[in-house]
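Below is one structure, written out as structure tokens; the observations come after it.
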Amino acid sequence: MATPTRLIAALSALAAVALIAGCTSTPGADAPTNAPSTSPSAGSDDDFDDVEGALLDDGRMFAVVTWGSSTCVPQVDQVSADGQTVSVELVDADADAACTADMVQRASVGALPEGVDPTKEITLQVTYGDVSDDVDLDGDPSLSGTPGTSTEYTPSAGWIGDGSLVLLTWGSSSCAPVVEGVEGAGATGTATFVTDDTQVCTMDMAPRATIIAFGDDAVDDDAFTLTLVGGGLDGTVEVRG
Numbered sequence: 009m010a011t012p013t014r015l016i017a018a019l020s021a022l023a024a025v026a027l028i029a030g031c032t033s034t035p036g037a038d039a040p041t042n043a044p045s046t047s048p049s050a051g052s053d054d055d056f057d058d059v060e061g062a063l064l065d066d067g068r069m070f071a072v073v074t075w076g077s078s079t080c081v082p083q084v085d086q087v088s089a090d091g092q093t094v095s096v097e098l099v100d101a102d103a104d105a106a107c108t109a110d111m112v113q114r115a116s117v118g119a120l121p122e123g124v125d126p127t128k129e130i131t132l133q134v135t136y137g138d139v140s141d142d143v144d145l146d147g148d149p150s151l152s153g154t155p156g157t158s159t160e161y162t163p164s165a166g167w168i169g170d171g172s173l174v175l176l177t178w179g180s181s182s183c184a185p186v187v188e189g190v191e192g193a194g195a196t197g198t199a200t201f202v203t204d205d206t207q208v209c210t211m212d213m214a215p216r217a218t219i220i221a222f223g224d225d226a227v228d229d230d231a232f233t234l235t236l237v238g239g240g241l242d243g244t245v246e247v248r249g
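Start counting the sequence shown at 9; every next residue gets the next number (my numbering).
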């Protein structure tokens, strides 16, 4: 059994402080792990206990998706592994925080422990307060990242359900991407982000997870290319999973 580690410790091997153009430093700022966007609606109250997951960063990281307030996103607190079974504990970032009353999907990201093989099936055993759920992630032989090694700071994405995905980007923790519009059909889609050159940002380099939903039957999740436009994120991403 691997020794539990906190998310900050795990990510320290992946991310280093870097200067982000047009940003200024704010010491002590916490890095959010989520920027909710076009999240789908749940069908019933029971769906709100559902937990989804995806592999990101070429197999170095994972996302855990839960339902709740868009302004109070849980953080990955402890992660440990026993073979291909990964135990993940989520906690509220601030138990006293005032949260909006909306109900959306939120993505919390963490680093896979060393020794886990992302090319083989992984089971995430997720605990968040009174909610416990297992998430089975299919292994992907095309993933070449090794858990515990440094990230390349490139965008990545993974499916979390029919027509919905988690997009991982890197940049200032205080300037998470904001989705302006989404369109897609078949094997391609486009996500357009708000561009605000006047925004003042911290100059840390943090992982930001954004949920994007196209609809159950709108896209082909077997082979899908997502084009990113605006927000300093211009490029393409092959969605895995």
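Note that the Cβ used here is the ideal one computed from N, Cα and C, for glycine as well.
### Message
List, from N- to C-terminal side, the beta strand (DSSP E) runs of 3 residues or more that fit wholly inside the region 85–138.
### Response
93–99, 112–119 and 130–136
### Message
With distance defined between alpha-carbon atoms, name the residue in D205, V208, T200 and T177 nearest to D66.
### Response
T177
### Task
Within 10 angstroms of the Cβ of E129, are there 16 or more other Cβ atoms? Answer buried if so, exposed if not.
exposed
### Query
Under three-state DSSP, which class holds G30?
Bear in mind that a pLDDT of 34 at G30, under 50, signals an unreliable position, so the model cannot answer this.
### Query
If you run the structure through DSSP and keep just helix, strand and coil, what is F222?
coil
### Task
Check the C-beta distance from A3 over to G166 and give it rounded, since I have them as a contact under 8 Å.
The chain is shown from 9 up to 249; residue 3 falls before or after that span and cannot be answered.
### Query
Three-state secondary structure (DSSP) at V73?
strand
### Message
I need the DSSP call for G67, collapsed to helix, strand or coil.
### Response
helix
### Query
Since G249 and L132 are thought to touch, with beta carbons under 8 Å apart, how far apart are those beta carbons, to the nearest angstrom?
That belief does not hold up - the Cβ atoms of G249 and L132 are roughly 13 Å apart, past 8 Å.
### Task
Look up D212 in the DSSP assignment and say whether it is helix, strand or coil.
coil
### Query
Whose C-beta lies closer than 6 Å to the C-beta of P35 among residues of the same chain, with five residues either side of it excluded?
With a pLDDT of 31 at P35, under the threshold of 50, the predicted position of this residue should be treated as unreliable, though the coordinate-derived value follows. None.
### Message
Can you tell me which residues form a DSSP beta bridge with D141?
### Response
V134
### Task
Look at the alpha carbon of F201 and the alpha carbon of G238, and state the distance between them as a whole number of angstroms.
5 Å
### Query
Are the Cβ atoms of T218 and S182 separated by less than 8 Å?
no
### Query
Would you say the region 88–104 touches the region 133–151, given that touching needs at least three Cβ pairs under 8 Å?
yes
### Query
Going by DSSP, what residues sit across from L236 in a beta bridge?
A199 and G243
### Message
Judging by CA-CA distance, which residue of A119, V124, G118 and Q86 is the nearest neighbour of T93?
### Response
V124
### Task
Assign G91 to one of two classes, buried (16 or more other C-beta atoms within 10 Å of its C-beta) or exposed (fewer than that).
exposed
### Task
Report, in whole angstroms, the separation of the C-beta atoms of R216 and P155, which I expect to be a contact under 8 Å.
The Cβ separation is near 20 Å, so there is no contact.
### Query
Just the Cα atoms here: how many angstroms apart are L120 and A193?
32 Å
### Message
Counting only beta-carbon separations shorter than 8 Å, does V84 have a partner in chain D?
### Response
The chain labelled as chain D is not found in the depicted structure, where only one protein chain is given.
### Task
Look at the alpha carbon of T79 and the alpha carbon of P185, and state the distance between them as a whole number of angstroms.
14 Å
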